[in-house]
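Read the structure below first, then the notes.
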Amino acid sequence: MSAFAFIAADLVAILILVFGLYFPRHRRRDMLVAFLSINVGVMGVTYAMSTSDLSLGFGLGIFAVLSIIRLRSTEMGHAEIAYYFTAIAIGLLGGFPSVSPAISFTLMGVLLTVIAIGDHPKLFGNTRQQMMVLDQAFTDEDKARDLLSTMLHATIHRVEIRKVDLVTDTTICDVRFTRLPRVASAPPADAGLSQARVVTRDAVTVGAR
Numbered sequence: 017m018s019a020f021a022f023i024a025a026d027l028v029a030i031l032i033l034v035f036g037l038y039f040p041r042h043r044r045r046d047m048l049v050a051f052l053s054i055n056v057g058v059m060g061v062t063y064a065m066s067t068s069d070l071s072l073g074f075g076l077g078i079f080a081v082l083s084i085i086r087l088r089s090t091e092m093g094h095a096e097i098a099y100y101f102t103a104i105a106i107g108l109l110g111g112f113p114s115v116s117p118a119i120s121f122t123l124m125g126v127l128l129t130v131i132a133i134g135d136h137p138k139l140f141g142n143t144r145q146q147m148m149v150l151d152q153a154f155t156d157e158d159k160a161r162d163l164l165s166t167m168l169h170a171t172i173h174r175v176e177i178r179k180v181d182l183v184t185d186t187t188i189c190d191v192r193f194t195r196l197p198r199v200a201s202a203p204p205a206d207a208g209l210s211q212a213r214v215v216t217r218d219a220v221t222v223g224a225r
């Protein structure tokens with residue numbers, strides 16, 4: 017199959033990844049050009065390597081340098097790192113026209129499917145991980161767990177105390193929890209009577225006019 021088919025498949029896959037999955041979910045505009053450029057760059061270098069006498073180690077060295085520079089230049093979450101390396105993997109698959117098209121295109125689809133499911137907002141959507149600073153010094157994780165459960169209105173799965181400062185009386189802990197559904201508070205018993213009085217008073221006023 018022509019190399020242009022691989023290029024087209026790579027472009028379609030990276031556009032789906034960036035504009036169909038990443039941006040609607042994370043809304044970080046500065047990462048769009050990073051994902052697009054690294055994908056196209058990796059695809060171009062991979063294709064050049066596959067059609068010339070450059071060694072595989074040379075190409076992998078270039079990719080490693082690019083990855084280190086990019087990952088050290090700004091703070092990225094684990095989800096964004098997953099998108100970043102997915103963009104690289106898609107570029108690698110699109111840069112080897114000698115590979116079977118069925119295998120290459122299938123792997124692109126598998127990568128997109130995995131990240132679409134794994135990063136879906138509804139997948140454990142109420143589960144959170146958060147660093148908390150408590151205004152008490154806790155050395156017992158169970159006591160910290162009880163306080164955090166009340167504060168966060170959540171089921172606490174894990175509490176890891178990172179730092180206890182007995183001078184300032186504070187505790188820094190890593191919390192993994194699932195938010196509990198909020199229960200709507202019932203209206204007061206006399207709310208209906210009050211509303212009825214207001215309606216009756218307004219009706220009398222209108223009638224007097």
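With my numbering applied, the sequence shown corresponds to residues 17 to 225, in that order. The C-beta atom is built at its ideal place from N, Cα and C for all residues, glycine as well. Remember, it's a predicted structure, so these values are computed and weren't measured experimentally.
Beta-carbon within less than 6 Å of residue i's beta-carbon, same chain only, minus the 5 sequence neighbours each way: which residues are those?
i    : result
G107 : N55, V58, M59
R195 : N142, A170
L182 : A153
Apart from the five residues just before and just after residue i, which ones in its own chain have a Cβ nearer than 7 Å to its Cβ?
i    : result
I177 : F154, E157, A160, T187, C189
Could you have a look at residue i and say whether DSSP puts it in helix, strand or coil?
i    : result
H136 : coil
V130 : helix
D26  : helix
D181 : strand
V175 : strand
For the beta strand (DSSP E) holding residue i, just list the boundary residues, first then last.
i    : result
H169 : Element bounds for H169: n/a, residue is neither H nor E.
F193 : 186-195
T102 : No beta strand (DSSP E) holds T102; the alpha helix (DSSP H) holding it covers 94-110.
R144 : 143-150
Count the other CB atoms, across all protein chains shown, that sit within 10 Å of the CB of residue i; report buried if there are 16 or more and exposed otherwise.
i    : result
F140 : exposed
T129 : exposed
V61  : buried
G111 : buried
Within a Cβ cutoff of 8 Å, which residues of the same chain sit near residue i, ignoring the five residues on either side of it in sequence?
i    : result
I131 : L33, L37, A98, Y99, T102
G115 : As written in the sequence, residue 115 is Val, which differs from the Gly given in the question. So the list reads L109, once near-sequence residues are dropped.
A202 : Any reading at A202 needs caution, since the residue's pLDDT is 49, under 50, leaving its predicted position unreliable; the model's value is listed next. Closer than 8 Å at Cβ, skipping near neighbours: no residue.
Would you kindly report the start and end of the unbroken alpha helix (DSSP H) that includes residue i?
i   : result
I54 : 46-66
F39 : 39-42
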